[in-house]
Amino acid sequence: MVKKRTIWPYVLVAPAVLIILCVVFIPVINAIIMSFQNYDLRRPKQIAFNGISNYMSACGDPLFQGALIRTIVWVVCGVGFQFLFGFILALFLNKEFAGRGVIRAVSMIPWVTPGVLIGLMWRWIYDGNFGVLNDLLLKAHLITNKIPFLSQVTTAFPSVIVTIIWQGIPFFSLMLLAALQGVSTEIYEAADIDGASFWQKLFFITIPSIKNTIYVTVLLRVIWVANSVDVIFNMTEGGPAYSTQTLSVYIFNKGNALNLGYASAMAILLAVLLLFASVPYLKMNFKEEV
Numbered sequence: 267m268v269k270k271r272t273i274w275p276y277v278l279v280a281p282a283v284l285i286i287l288c289v290v291f292i293p294v295i296n297a298i299i300m301s302f303q304n305y306d307l308r309r310p311k312q313i314a315f316n317g318i319s320n321y322m323s324a325c326g327d328p329l330f331q332g333a334l335i336r337t338i339v340w341v342v343c344g345v346g347f348q349f350l351f352g353f354i355l356a357l358f359l360n361k362e363f364a365g366r367g368v369i370r371a372v373s374m375i376p377w378v379t380p381g382v383l384i385g386l387m388w389r390w391i392y393d394g395n396f397g398v399l400n401d402l403l404l405k406a407h408l409i410t411n412k413i414p415f416l417s418q419v420t421t422a423f424p425s426v427i428v429t430i431i432w433q434g435i436p437f438f439s440l441m442l443l444a445a446l447q448g449v450s451t452e453i454y455e456a457a458d459i460d461g462a463s464f465w466q467k468l469f470f471i472t473i474p475s476i477k478n479t480i481y482v483t484v485l486l487r488v489i490w491v492a493n494s495v496d497v498i499f500n501m502t503e504g505g506p507a508y509s510t511q512t513l514s515v516y517i518f519n520k521g522n523a524l525n526l527g528y529a530s531a532m533a534i535l536l537a538v539l540l541l542f543a544s545v546p547y548l549k550m551n552f553k554e555e556v
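Just so it is clear: in the sequence shown, position 274 is 540 by my numbering, and no numbers are missing.
Quick look at the structure:
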């Protein structure tokens, strides 16, 4: 029997495809084209094709190199501790106890709060004159003088890393909690009968059972954190002395300076780096399907 073909599935999908083309693919193609041009809106008459000059300039740019190193630290520390604390929180919220629903709801607050508001809130917390963190540390006799956390090079970058960790913990806890609730309790009961310890159940039952969720959530957060601008920009704008300027913030600043060709080239380089970061997951997923 020959299946009757119909155009309706394509008609129904067409609006979504059109939106994706307009919002994602067309800007990406435009950015690739601009990355090979001397596209500076301050000099519109000088816009012209310049080959790979923007890419060569980026590779030799000390600010780009410094931003790249900070981006790696930003992603590794930020995502690493987000996952660690989020996993611990998920294990805790997976237990039965009074008030669990309230704690689950409250724990989502950092994740649902807009990044701009988080940046402004934590800038006030870290403020060297009237910040609440300095006040608490002084009352606890842990410091004798107020610390301008966001105004000195040694403390600015660790401070913004702490902020991004705080923001991302609920994402991991929510996703991992959903995965944990899909693990059969019978497996744990059998392990208890065999006398398995907490750590044995964790590493031989829990983690293997939710490994796919771990891979996906880590990959998503690596991409999101690497592209994060709002938190850093609203806290430090990349300063002081470029000490908190990651690649995404540097690209944003160059874009604001209307040097769109150079900003596009750096954005493409960042996209390529993130593509390489996703290769291990794609290879693992491909092997499982084969």
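The beta carbon of each residue, even a glycine, is placed where N, CA and C say it ideally should be.
query                                                                                                                   : result
For residue 360, three-class secondary structure by DSSP                                                                : coil
Simplified DSSP assignment, three categories, for residue 327                                                           : coil
Residue 283 burial status per 10 Å Cβ neighbour count (16 or more: buried)                                              : exposed
Distance between residue 457 and residue 468 (C-alpha atoms, nearest Å)                                                 : 11 Å
Inter-stretch contact at 8 Å, needing at least 3 Cβ pairs: the segment 500-514 / the segment 335-351                    : yes
Local Cβ density within 10 Å of residue 311, reported as buried at 16 or more and exposed below that                    : exposed
Which of helix, strand or coil DSSP assigns to residue 418                                                              : coil
Cα-Cα separation, residue 273 to residue 285                                                                            : 19 Å
Pair within 8 Å by beta-carbon distance, residue 377 and residue 437                                                    : yes
Inter-residue CB distance, residue 379 and residue 426 (contact presumed, cutoff 8 Å)                                   : Contact flag wrong, Cβ pair sits at about 16 Å.
Touch test, the segment 514-532 against the segment 468-479, Cβ-Cβ under 8 Å, three pairs minimum                       : no
Distance, residue 414 Cα to residue 358 Cα                                                                              : 35 Å
Three or more C-beta pairs below 8 Å linking the segment 339-355 and the segment 436-456                                : yes
Residue 494: first and last residue of the uninterrupted alpha helix (DSSP H) it sits in                                : Taken as a continuous stretch (DSSP letters only), residue 494 belongs to no alpha helix (DSSP H), as it is neither H nor E.
Distance, residue 547 Cα to residue 556 Cα                                                                              : For residue 556, the predicted model reports a pLDDT of 49, less than 50, meaning its position is unreliable; a value from the coordinates is still stated below. Roughly 14 Å separates the two Cα atoms.
Cβ pair residue 386, residue 500 closer than 8 Å                                                                        : yes
Whole runs of the alpha helix (DSSP H) within the segment 448-486, excluding any shorter than 4 residues                : 451-459, 464-467
Element boundaries [alpha helix (DSSP H), containing residue 290]                                                       : Neither: residue 290 is in no alpha helix (DSSP H) and is coded neither H nor E.
Close-in-space but distant-in-sequence residues of the same chain around residue 526 (CB under 6 Å, 5 per side omitted) : 300, 305
Among 509, 344, 491, nearest to residue 417 - alpha-carbon criterion                                                    : 509
Euclidean distance between Cα positions of residue 381 and residue 348                                                  : 16 Å
Identity of the residues DSSP links to residue 306 by a beta bridge                                                     : 525
Cβ-based burial, residue 280 [other Cβ within 10 Å; buried from 16]                                                     : exposed
Three-state class that DSSP yields for residue 396 in the structure shown                                               : coil
Straight-line Cα distance separating residue 506 from residue 423                                                       : 9 Å
At least three beta-carbon pairs within less than 8 Å, the segment 490-500 to the segment 441-456                       : no
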